[in-house]
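Residue numbers (the numbering used here), protein chains in the order written: chain D, 362 to 638; chain E, 351 to 788; chain F, 413 to 712.
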């Protein structure tokens, strides 16, 4: 591992890195610059990457609509609801599966794996009918419930691998001191696994914030989320790539913030799982 | 100390769950309670009623944006508009109707949906309202063809809102350079498209994208060639010699369209025309005004428009389309009344003028003959002529329309990209339709 | 290590306490997920069209399933789904490992680049699809423009050509999800023991050899995780297809989820859509069970 690299190797690696960076960053750069372009310039060829007539018009027209804030608010409510519900349900379950010697509890992890594999449309069709009968179509609740099925199953898996990695000795010591198993969980296991919980929360936030299909079917005009708002900037005639780009920028803000500032948790969350195998 | 922290964390958790639960459980659909509408004799009978309007994001959405505040001011009715793209609008509206959730009280209804909406009773028949307020609405002034925007088997399931004629837009400058006169027949159109194609300059812009786009463009050419989706008995019969021939013609036109055309949706077709890539484009008349707007068009002043050409020797009939506006059958009675107020208002003669000036489209003869509007929009006489000879039924407005459109949308596209021949495409589309219609 | 005492206490409590911790989720899932699936099985035996004004449900037995097997699109879309999953997962595994190796060094630059590379996976797939759709546009798009500059004939554009539409859609997925595999592999690489490499170095093995004979075998569990994570997600693809091709041109990118969506959520032919969904569910379950078999043998 520590052998010296030859110059040509270094050059190849540098070129590869640059190609990778361009490949992964170019579409995002395109999106951001489009938000600052006039409609007629968005598709000028050759593409104007650096020097173009910049405008804030797209931002103005998007921000002038109170719909934008409604979509953001709805996305926030659905994301918060899903994340909290998924954690409240998923973290204890992940702990139980990691610790239990009981076969039923231990093997239920496969059940949650299976759940994650259910095709979304297979769930959506009956769920839509049930929500209709319960008069819950168009509510936040319906979206949160369905998102949580998938997100909580994911949290279980992630937290299970995390808890497996947390040494049990401290919990056992607490039990010896007379603590109940529940308090061992709350007072010992949870504090030790905060990074894992944060990681789970991040993934849940991203998945529920980005959800499109469920929101498409289950929300009403008053509970629409941002991805659906983005679709509305497409019309039969209006060339509104600029507006689409601005809405998309709002939609990607949490993702970008998380990627840039909390990325160590991403890595941490998966380390537990990956190193365990 | 730890205990405390964790207990508080737990409480915060619980609190959140409760808050979210409370927020989530409040159904977002029901509106604030309306005032019991006793027969008050004020002008603002519907003060405080809130209506949700689902509007297609067509040009006329700008008209709604401009006019709705005026209407709110006048009547005290609040209108929340939800703007949706064509595919989403159809899908969300159907979901709303079949779920009987009444999320939308008012909706723009595409001409081709009228049969389906009527058969399933999605929208409220407007005949009672129309009979009651006959004195106010002056229905004689509405162009006869405009009624196809919502009339089905004698009842009115949507009220005419915006009428479009299929017209041929072309670049005066390019045609002049090449020495071509505006095509008067389909055959001339093909020849002109060929002549105008040169390097990066293409002859014609078409809709080729899988889905409603390609299906509707094909049906439009079908109309201009004398083909039809329905046979004389009203049965769906796609595989006729005329239809196959027209599909081949349609495919040939694509040789003179930009290479990406098989992926074009309406917006891309507009872009191709507006940025000068193509010389001609058949399309809805409502887009015409936009070509003179320098913010989105680089062909200002270079465009002219003529009637959509039909095949040589055919009696000229012009494709008519556009949008009606309907009232959700599941909305409550007060809202339906208020919604009717809005329909009456926006389709009235005086408001129609404002509607046109803000990117709307005409339905009334008085609007089309208005001198002021004719100065502003010199192509209005052409519209009048097209409307007088308009055919609103070339896309069959039958209840099974969306199944036809879906099948054509897939297989005409498959033909264009070379996966099917014209005949096999229509055979397969017919098979898919037969399998999906009971 | 007072394990013995701990263990005995443990045993005393474990069964019921753990069940208590597991139960809320289990109940939730049974209510919100399992019950609907049974419900879905029931409606798949009925002719149930929501668009029917009377909302009649006629019992038709397995007719919907028979109809599905006669439906040419279901086989096409099943095939497309498998191509999509195989294409995305294999390419992402290779590229993810490549990126991880490229940016594994703990230098400032690598760390900086890594955090940027994470952005794609966090973006809404719908936005990703829309952006790529415009990049791919044959006439105004950036990618065909540069390809044409290079003298390559792009024809109808990547999304418009029968042979390129699927690879083009797969590339979008690769763009979005390779970063996830990069972090999984980074994590795996960090967890590798140092000793084997030192031994190999002493034995004079080249870096390539030690990668081939030490790194890859040791990364096997990581591969499994990565494989599993991505396959699960890849089977669910919907947003990207919805945003780019709507299953076209023709039917070459119609995946099962998209087909079911069209039948169920556009035509509201619920009985038939449920039957299609159940077939997909069946396929996915079989695949999952195979996985689980493999996983549990891997002491998972």
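Think of the CB as a built atom: it goes at the ideal place given N, C-alpha and C, for glycine as much as any other residue.
From a predicted model like this one, the values you see are computed outputs, not experimental measurements.
6 Å Cβ shell around residue 693 of chain E - same chain, five flanking residues per side excluded: 509, 675
Compare the C-alpha of residue 454 of chain D against each of D/470, D/384, D/463, D/464 and name the closest. D/470
Residue 506 of chain D touches chain F at which residues, Cβ-Cβ below 7 Å? 444
Between the CA atoms of residue 463 of chain F and residue 450 of chain E - distance to the nearest angstrom: 11 Å
Closest to residue 476 of chain E by C-alpha separation, out of E/493, E/504, E/494, would be which residue? E/504
Within 8 Å (strictly less), CB to CB, does residue 658 of chain F reach chain E? yes
If you measure from the CB of residue 569 of chain F, is any heavy atom of the ligand MN nearer than 7 Å? Although the ligand MN was asked about, the structure shown includes no ligands whatsoever.
Counting pairs of Cβ atoms below 8 Å between the segment 650-659 of chain E and the segment 727-746 of chain E, do you hit three or more? yes
Taking 8 Å as the threshold (C-beta atoms), are residue 693 of chain F and residue 415 of chain D in contact? no
Could you tell me whether the Cβ of residue 550 of chain F comes closer than 8 Å to any Cβ of chain E? yes
Entirely within the segment 612-657 of chain E and at least 4 residues each: give me those alpha helix (DSSP H) ranges in chain order. 616-624
Could you spell out where the beta strand (DSSP E) holding residue 578 of chain D opens and where it closes? Where residue 578 of chain D is concerned, there is no enclosing beta strand (DSSP E), although the alpha helix (DSSP H) it sits in stretches over 574-579.
Answer yes or no: does any C-beta atom of chain F fall closer than 8 Å to that of residue 603 of chain D? no
For the beta strand (DSSP E) that contains residue 400 of chain E, what are its first and last residues? 400-406
Pick from D/426, D/399, D/564: whose alpha carbon is nearest that of residue 591 of chain D? D/426
Give a yes or no on whether the C-beta atoms belonging to residue 452 of chain F and residue 486 of chain D are separated by under 8 Å. yes
Is it true that the segment 679-693 of chain F meets the segment 466-480 of chain F, where meeting means three or more beta-carbon pairs spaced less than 8 Å apart? yes
What is the C-beta distance between residue 591 of chain F and residue 580 of chain F, in whole angstroms, given that I count them as a contact (C-beta under 8 Å)? With a Cβ gap of about 19 Å, residue 591 of chain F and residue 580 of chain F do not count as contacting.
What do you get for residue 712 of chain E, buried or exposed, if any count of 16 or more other CB atoms within 10 angstroms of its CB means buried? buried
By Cβ distance below 6 Å, which residues in the same chain neighbour residue 763 of chain E in space, the five residues on each side in sequence not counted? 560, 564
Own chain residues within Cβ distance below 6 Å of residue 403 of chain D, not counting five before or after: 395, 602
Work out the CA separation of residue 606 of chain E and residue 600 of chain E for me, nearest whole Å. 11 Å
Run through chain F and tell me which residues come within less than 7 Å of residue 416 of chain D, C-beta to C-beta. Within 7 Å Cβ-Cβ: nothing; residue 416 of chain D doesn't reach chain F, min ~18 Å.
Tell me the DSSP bridge mates of residue 510 of chain E? E/674
Output yes or no for whether 8 Å exceeds the beta carbon distance between residue 678 of chain E and residue 455 of chain E. yes
So residue 769 of chain E and residue 574 of chain F are in contact, right, with Cβ under 8 Å, and what is the actual spacing, rounded? 6 Å
If distances are taken between C-alpha atoms only, which option among F/600, F/614, F/492 comes closest to residue 662 of chain F? F/492
Per the contact definition of three or more C-beta pairs closer than 8 Å, is the segment 457-466 of chain E in contact with the segment 403-414 of chain E? yes
Report back the beta-carbon spacing between residue 630 of chain E and residue 511 of chain E to the nearest angstrom; my notes put them in contact at under 8 Å. Wrong, their Cβ atoms sit about 28 Å apart, outside the cutoff.
Across the segment 567-576 of chain D and the segment 385-401 of chain D, are there enough close Cβ pairs to call them in contact, namely three or more that are closer than 8 Å? no
Using a Cβ-Cβ cut-off of 7 Å (strictly less than) and excluding sequence neighbours within five positions of residue 425 of chain E, which residues of its own chain qualify? 394, 396, 691
Less than 8 Å between the CB atoms is what I'm expecting for residue 614 of chain E and residue 539 of chain E, so what's the real figure, rounded? Wrong, their Cβ atoms sit about 18 Å apart, outside the cutoff.
Closer than 7 Å by beta-carbon distance: list the chain F residues that pair up with residue 386 of chain D, in chain order. 528
What's the C-alpha gap between residue 673 of chain F and residue 477 of chain D? 19 Å
State the Cα-Cα distance for the pair residue 468 of chain D and residue 517 of chain D, rounded to the nearest angstrom. 12 Å
Verify whether the separation of the beta carbon atoms of residue 646 of chain F and residue 585 of chain F is less than 8 Å. yes
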